[in-house]
Amino acid sequence: MTLEQDLALIRRNANKVVKQLNRQAAKTINHLATKARNQATKNVAKDIGVPVKTLKGRTRQSKHQRATATKLRAQLRVNVSPLPLIRLLESKANRVWEGRGAIMVGKYAVQRGFIQTLANGRTHVMQRAGSARYSIDVVKIPLRQPLTAAYQQALKDYPTELQKELKDRLSAVFS
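If you're matching positions, the sequence shown starts at 1 in the UniProt record's numbering and goes up one per residue.
Below you can see the structure in the form of structure tokens.
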């Protein structure tokens with residue numbers, strides 16, 4: 001073998017190692033993003049009494065938002081808009097209890113509340129707010145603060161977890 005052939009072989013091997021390194025880093029980043037999503041949604045669902053499945057549907061990660069070997073960044077899109085209370089009834093565990101002047105859906109009691117099918121065909125839990133002209137509102141569960149706090153908590157230890165996971169993956173690949 002000539003010197004040029006040896007250099008070309010070394011260069012090819014170095015490129016393979018770099019590709020493997022980037023591929024494993026992307027897998028690690030995607031794994032940690034999924035882990036953070038699961039942890040955050042589970043904690044928030046438990047805290048506010050909403051099915052985990054309902055909250056998981058509010059977090060999206062499309063194919064082009066996942067980390068790849070060329071783009072080592074994952075992106076999660078979280079819908080933090082308030083959740084209509086009627087969505088709690090998707091779970092069989094939650095029922096509507098009607099009492100004197102109030103209804104209960106899951107663990108939420110709504111004073112002066114009722115269930116109504118609106119003109120657009122949707123059914124919602126409504127609440128009488130006062131005696132003004134448009135005095136009824138759709139009852140919603142606020143999610144912005146709990147979801148934001150949960151994701152920040154889940155990603156707090158991200159650098160150390162990334163270091164540990166990457167070390168484990170690379171030692172498995174290169175050993």
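For glycine and all other residues, C-beta sits at the position ideal for the given N, C-alpha and C.
Asked, Found
"The stretch 9–23 touching the stretch 34–54, judged by at least three CB pairs closer than 8 Å", "no"
"Uninterrupted beta strand (DSSP E) stretches inside the stretch 131–159 (no shorter than 3 residues)", "136–138"
"Close Cβ partners of Glu90 (< 7 Å) along its chain, the five nearest in sequence each way excluded", "Pro51 and Thr54"
"Which residues DSSP lists as bridging Ala83, in chain order", "Residue 83 is actually Leu in this sequence, not Ala. Leu83 pairs with Ile141."
"Bridge partner(s) assigned by DSSP for Gln116", "His124"
"Boundaries of the alpha helix (DSSP H) in which Lys25 is found, first to last residue", "The question names Lys, but residue 25 in the sequence shown is Ala. Leu3 to Ile48 is the extent of the alpha helix (DSSP H) around Ala25."
"First through last residue of the beta strand (DSSP E) which encompasses Gln111", "Tyr108 to Gln111"
"Buried or exposed (CB count within 10 angstroms, at least 16 for buried), Pro146", "buried"
"Closest by C-alpha distance to Ser175, when choosing among Gly49, Val17 and Thr2", "Val17"
"Test: Gly49 CB closer than 7 Å to a CB of chain D", "Among the chains in the structure shown there is no chain D, since it carries only a single protein chain."
"Endpoints, alpha helix (DSSP H) assigned at Lys92", "Element bounds for Lys92: n/a, residue is neither H nor E."
"Identified DSSP bridge partners for Val78", "Thr59"
"Same chain, Cβ closer than 7 Å to Asn30, five either side skipped, listed in chain order", "Arg66, Ala67 and Ala74"
"Contacts around Arg37, its chain only, beta-carbon distance under 7 Å, and the 5 residues preceding and following it disregarded", "Thr59 and Leu76"
"Whole-angstrom distance between Ile48 and Ala33, CA atom to CA atom", "22 Å"
"Contact under 7 Å by Cβ, Ala149 with Asp137", "no"
"Delimiting residues of the beta strand (DSSP E) encompassing Ala102", "Ala102 to Val105"
"For Arg95 and Val105, the rounded distance between their alpha carbons", "6 Å"
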